[in-house]
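In the working numbering, the protein residues as written are 4 to 254.
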Amino acid sequence: MDRRPTTGMELREIVADVEGERSTLALCNVDAPGDMIDAVSGYLGPRHVAVRHTSTAEGVPENVAILHDGEQFRAASDLRDLYRFTDPAVGAHTADDIEAVEVPAVVRELDDTTFSDYGQERMIVASREIEKRAWNAGSGTLHTGFQRLSLVATQRSIYRKLAGSDLDVHVYGVPDADPPDLDVAVHGHDTEEMAESWFVVFEGSDGERSALLALETAERSTYRGFWTYRAEVVDRILDRLQEAYLPGPQE
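Pasting the structure below:
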């Protein structure tokens with residue numbers, strides 16, 4: 004990867020600079036169990052997505068989740084598919100095979116969405132969306148910040164498979180332990196920024212961009228941040244990683 008022009012923005016400043024627009028998720032003609040609705044609402048609520056219930060005179064379609072910004076339709080998903088992705092017990096955060104992860108259209112269409120008070124399970128679910136995009140693309144560069152390199156071992160199965168593809172995979176964190184041998188580029192940096200930042204950033208070989216960036220809060224084990232598919236925002240994160248943590252061409 005060539006060295007990019009520096010922006011001077013740290014990861015914390017990028018989070019502060021991104022303002023998410025509040026989208027609405029309409030749950031249409033729902034007769035699903037309460038725990039299903041609670042799981043979906045619990046996942047999207049901290050992402051600053053307003054969850055509303057609605058119905059049609061005909062009562063169809065049933066159990067459909069519709070994402071919209073005002074009058075603009077964004078995406079629709081079967082509520083059951085959304086639940087399977089977000090279920091706290093057996094959702095995407097429990098997957099050990101990236102191929103098995105199915106990301107609902109509603110989640111794929113959320114862009115520049117900010118969130119707060121995300122726990123670790125929700126963060127793993129959010130990370131899966133970016134990781135799955137990288138897997139589907141099949142080539143490009145994936146950068147993942149684990150905060151501490153010891154945590155790479157918790158995602159060993161996922162990252163072994165990603166590294167076995169044509170993706171160029173980089174992992175980052177405070178060097179508190181040697182990560183497992185996964186054929187990835189390891190970047191250990193003992194900085195406050197690295198210790199507090201959780202990120203998954205994908206730079207596709209065809210120009211596709213996507214990223215999740217979050218900061219651990221003072222309460223610990225909860226996070227605030229955003230994810231985006233806008234190239235200019237993703238490039239700001241890549242700029243920071245390049246200028247602060249990746250070696251230059253002659254290094």
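For glycine and all other residues, C-beta sits at the position ideal for the given N, C-alpha and C. Because the structure is a prediction, the values reported are computed rather than measured.
- Annotated as proximal: MET197 and GLY176, with beta-carbon spacing under 8 Å.
- By the C-beta density criterion, ASP90 is buried, having at least 16 other C-beta atoms within 10 angstroms.
- Between ALA68 and VAL21, the C-beta gap is not smaller than 8 Å, which leaves the two residues out of contact.
- Between ILE101 and LEU170, the CB-CB gap reaches or exceeds 8 Å.
- Take the alpha-carbon of GLY148 and the one of ASP181: they are about 15 Å apart.
- Taking C-beta separations shorter than 6 Å and ignoring five residues to either side along the sequence, the partners of ALA156 in its chain run PRO183, following chain order.
- Judged by DSSP in its simplified three-state form, ARG223 adopts coil rather than helix or strand.
- Annotation note: the segment 138-185 contains the following uninterrupted beta strand (DSSP E) runs of length 3 or greater, listed N- to C-terminal: 142-151 and 169-177.
- Remark: C-beta atoms of VAL172 and LEU215 do not approach each other more closely than 8 Å.
- Around the Cβ of PRO36, a 10 Å sphere holds fewer than 16 other Cβ atoms; the residue is exposed.
- For SER80, the CB contacts under 7 Å within the same chain, skipping 5 residues up- and downstream, are ALA68, PRO107, ALA108 and VAL109 in chain order.
- Under the criterion of beta carbons closer than 8 Å, TRP230 and ALA129 qualify as touching, at roughly 6 Å.
- Contact between LEU70 and LEU28 is confirmed by a C-beta separation of about 5 Å, below the 8 Å threshold.
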